[in-house]
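These notes concern the structure reproduced below.
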């Protein structure tokens, strides 16, 4: 089916209001990443389970998000983006209510998984905002919506710590339920419905194969430190998942109307952008894991900064604002030097933040400076990734392709969690009968983060020269449903 032209909202719709509504939905979805981090240590007692089972409160959300992003994007291409956005926001409402009402592990994890599935809102919002924003605002609109992915994770930590401290852990999920309900209403009322559907069959075997393969690989990676990297469970999970994904890829290449068109994803611009997304996602998540731990480490160690969970979150929160402030910078760079070099610049800036952290580890404000620099790089780079994807895929694959890009970032963050945990547990000291990471472990983490993002910058330079932006190549707007 030939690709359609981009949609342009008519005068009766306010582009700025639509962009704000999509930003609210994307920010709400991204908040789910860090929602339970402040209470993670208490979850075994709260849910009457052990620490290993309680850790699934984060893992279930990340897995569900990773699997759902490309699937949701494909459904949006098939049935229309607005319908899928409203459905994703409704999933967030249901998941939040289920988690809020839970007192046991099983229903709680169901709620957290549904919250993760709601993160499929983000790639669909990115692909839609590109279609409805005026030509002159498209790069900026994509930049702002993309930045909410990082902002949500950064702002969510102090926000959830405050709610958990002053109210109750159930209050976290009632808050997210109310926020999600607001997203449902704003999306349904403000976001215009455009004729962007491309009817097709749902690739059920493709969805199942992708889910099984990704789950097995990502579970093996995320649980490697707990199970042991040499254990049969870890190796079997990763190897089994890779085998399933290979079979899935073979199936996808031999069928039309698949959940992910691998012929599109292996095109050089798309392939290298997705590889860069994995590395930059790794770099972004590494600081989110390492810096709070260093801030909260006891001062008795000689290098720890003795901050509470809430204080650590507040030191990290300005990073989220920095991402949003640098979204317009990213837009300007995309319009002047192109998305390829903008993404490379963003990766280099993230790497510089890690290098600064190596020399500024002795006070909370110093780590905040390093975080601000790295966050500026995230704000610059995150907008360029979907722009590169959308400029190099047909319109009827826009949602699914942006979803795959989001998946690659999720894979990067999952790998970052496993690698950082392995490093932090490989070099330890004993303090008061507890084994904790020593200073060199944090320094190695910063070096690894810097290296990963620098490699990501080099991968960006392999992306071929871009065609003119699709906004300049296609002029006919899609009709907008009244």
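Residue numbers (our numbering): -14 to 467. We put the CB at the ideal spot given by N, CA and C, even for glycine.
Fill in: Beta-carbon spacing of residue 83, residue 99 below 9 Å
Here the question's residue 83 lines up with position 98 in the chain shown. Here the question's residue 99 lines up with position 114 in the chain shown. Yes, the Cβ-Cβ distance between residue 83 and residue 99 is below 9 Å.
Worksheet item: Between residue 18 and residue 210, what straight-line distance do the alpha-carbon atoms span, to the nearest angstrom?
Response: Translated into the one-based positions of the chain shown, residue 18 becomes position 33. Translated into the one-based positions of the chain shown, residue 210 becomes position 225. In a straight line, the C-alpha of residue 18 is about 20 Å away from that of residue 210.
Discussion item. Check whether the stretch 380 to 392 and the stretch 106 to 119 are in contact - that is, three or more C-beta pairs closer than 8 Å.
Written reply: yes
Discussion item. For residue 400 and residue 336, I'd like the C-alpha separation in whole angstroms.
Written reply: Mapped onto the chain shown, residue 400 falls at position 415. Mapped onto the chain shown, residue 336 falls at position 351. Approximately 17 Å between the Cα atoms of the pair.
Worksheet item: In the structure shown, what three-state DSSP assignment does residue 240 receive?
Response: Sequence index remark: in the chain shown, residue 240 carries index 255 (1-based). Coil, per DSSP.
Discussion item. Does residue 176 come out as helix, strand or coil in the three-state DSSP assignment?
Written reply: One-based indexing of the chain shown puts residue 176 at position 191. Coil at residue 176, not helix or strand.
Discussion item. Assuming residue 50 and residue 395 are in contact, meaning their beta carbons sit under 8 Å apart, how far apart are those beta carbons, in whole angstroms?
Written reply: If you number the chain shown from 1, residue 50 lands on position 65. If you number the chain shown from 1, residue 395 lands on position 410. Between residue 395 and residue 50 the Cβ distance is about 6 Å, and since that is below 8 Å, they are a contact.
Discussion item. Within 8 Å, do at least three Cβ pairs link the stretch 240 to 253 to the stretch 316 to 326?
Written reply: no
Item to complete: Determine the contact status of residue 16 and residue 140, defining contact as a CB-CB distance below 9 Å.
Response: Here residue 16 is taken as the residue at index 31 of the chain shown, counted from 1. Here residue 140 is taken as the residue at index 155 of the chain shown, counted from 1. Against a cut-off of 9 Å, the Cβ pair of residue 140 and residue 16 comes out as a contact.
Discussion item. Quick check on this structure: which residue in 266, 297 and 426 has the alpha carbon closest to the alpha carbon of residue 132?
Written reply: In the chain shown, the residue the question calls residue 132 occupies position 147. Residue 132 has its Cα closest to that of 266, out of 266, 297 and 426.
Worksheet item: Can you tell which of 355, 170, 11 and 307 has its C-alpha closest to the C-alpha of residue 113?
Response: Against the chain shown, residue 113 aligns to sequence position 128. Comparing Cα-Cα distances from residue 113 to each of 355, 170, 11 and 307, the minimum goes to 11.
Worksheet item: Is it a yes or a no for the stretch 349 to 363 touching the stretch 218 to 225, going by three-plus beta-carbon pairs under 8 Å?
Response: no
Worksheet item: By a C-beta neighbour count over all protein chains shown, 10 Å radius and 16 as the cutoff for buried, is residue 35 buried or exposed?
Response: Walking along the chain shown from the start, residue 35 turns up at place 50. Exposed.
Worksheet item: So what's residue 553 in DSSP terms, helix, strand or just coil?
Response: This structure cannot speak to residue 553, because the chain is shown only from -14 to 467.
Worksheet item: How close, in whole Å, do the beta carbons of residue 352 and residue 368 come, if the pair is a contact with beta carbons under 8 Å?
Response: By 1-based counting over the chain shown, the position of residue 352 is 367. By 1-based counting over the chain shown, the position of residue 368 is 383. That belief does not hold up - the Cβ atoms of residue 352 and residue 368 are roughly 25 Å apart, past 8 Å.
Fill in: Every unbroken alpha helix (DSSP H) inside the stretch 320 to 381 [4 residues or more]
324 to 344 and 349 to 375
Discussion item. Check this for me: beta carbons of residue 397 and residue 270, under 9 Å apart or not?
Written reply: For this step, residue 397 is matched to residue 412 along the chain shown. For this step, residue 270 is matched to residue 285 along the chain shown. Yes, the Cβ-Cβ distance between residue 397 and residue 270 is below 9 Å.
Worksheet entry | Spatial neighbours of residue -4 in its chain, beta-carbon cut-off 7 Å, leaving aside the 5 residues before and after | Within the chain shown, residue -4 is the residue found at index 11, counting from 1. Reliability of the predicted coordinates at residue -4 is poor, the pLDDT of 45 falling under 50, and the value obtained from them is presented with this limitation in mind. Around residue -4: no qualifying Cβ.
Practice prompt. Please go through the stretch 11 to 87 and give each complete alpha helix (DSSP H) segment of 4 or more residues, from N-terminal end onward.
Written response: 28 to 31, 36 to 39, 41 to 64 and 66 to 86
Worksheet item: Going by alpha carbons, who is nearest to residue 402 out of 306, 294, 93 and 430?
Response: The count along the chain shown starts at 1 and reaches residue 402 at position 417. Nearest option by C-alpha distance: 430.
Worksheet item: Does DSSP classify residue 448 as helix, strand or coil?
Response: Position 463 of the chain shown, counting from 1, holds the residue named residue 448. Residue 448 falls in the coil class under three-state DSSP.
Worksheet entry | DSSP beta-bridge partners of residue 420 | As a first step, residue 420 is located in the chain shown; it is residue number 435 there, counting from the start. DSSP output for residue 420 lists 415 as bridge partner(s).
Practice prompt. Give me the Cα-Cα distance between residue 339 and residue 152, rounded to the nearest whole angstrom.
Written response: Position 354 of the chain shown, counted from the first residue, corresponds to residue 339. Position 167 of the chain shown, counted from the first residue, corresponds to residue 152. About 35 Å.
Item to complete: Could you name the residues of the same chain whose beta carbon sits closer than 6 Å to that of residue 282, not counting the 5 residues immediately before and after it, in chain order?
Response: Taking the chain shown and counting its residues from 1, the one referred to as residue 282 is at position 297. These residues qualify, in order along the chain: 289.
Worksheet entry | Supposed close pair residue 54, residue 391 - CB separation, criterion 8 Å | As a working mapping, residue 54 is identified with position 69 in the chain shown. As a working mapping, residue 391 is identified with position 406 in the chain shown. Confirmed, Cβ separation roughly 4 Å.
Worksheet item: Do the stretch 250 to 257 and the stretch 419 to 435 touch if we need at least three Cβ pairs shorter than 8 Å?
Response: no
Worksheet item: For residue 122, does the three-state DSSP call read helix, strand or coil?
Response: Locating residue 122 in the chain shown gives position 137, where the first residue counts as 1. Residue state, collapsed to three classes: helix.
Item to complete: Report yes if the C-beta of residue 344 is less than 8 Å from at least one heavy atom of the ligand COA; otherwise report no.
Response: As presented, the structure is devoid of all ligands, the ligand COA included, so that no description of it is given.
Item to complete: Look at residue 90 and residue 149 and say whether their C-beta atoms are less than 9 Å apart.
Response: Numbered from its first residue, the chain shown carries residue 90 at position 105. Numbered from its first residue, the chain shown carries residue 149 at position 164. Against a cut-off of 9 Å, the Cβ pair of residue 149 and residue 90 comes out as no contact.
Discussion item. Closest to residue 1 by C-alpha separation, out of 440, 354, 177 and 443, would be which residue?
Written reply: Within the chain shown, numbered from 1, the residue matching residue 1 stands at position 16. Selected option, being the one with the closest Cα: 177.
Discussion item. Distance check for residue 96 and residue 448, CA to CA, integer angstroms please.
Written reply: Sequence index remark: in the chain shown, residue 448 carries index 463 (1-based). Sequence index remark: in the chain shown, residue 96 carries index 111 (1-based). If I take the Cα positions, the gap works out to 39 Å.
Worksheet entry | At least 3 beta-carbon pairs within less than 8 Å: the stretch 224 to 236 vs the stretch 191 to 203 | yes
Item to complete: Please confirm whether residue 126 and residue 94 have their CB atoms less than 9 Å apart.
Response: Translated into the one-based positions of the chain shown, residue 126 becomes position 141. Translated into the one-based positions of the chain shown, residue 94 becomes position 109. No, the Cβ-Cβ distance between residue 126 and residue 94 is not below 9 Å.
Worksheet item: Counting only beta-carbon atoms, is residue 251 nearer than 9 Å to chain D?
Response: Among the protein chains of the structure shown there is no chain D, as only one such chain exists.
Worksheet item: Can you tell me where the alpha helix (DSSP H) with residue 112 in it begins and where it stops?
Response: Translated into the one-based positions of the chain shown, residue 112 becomes position 127. From DSSP, the alpha helix (DSSP H) with residue 112 extends over 106 to 117.
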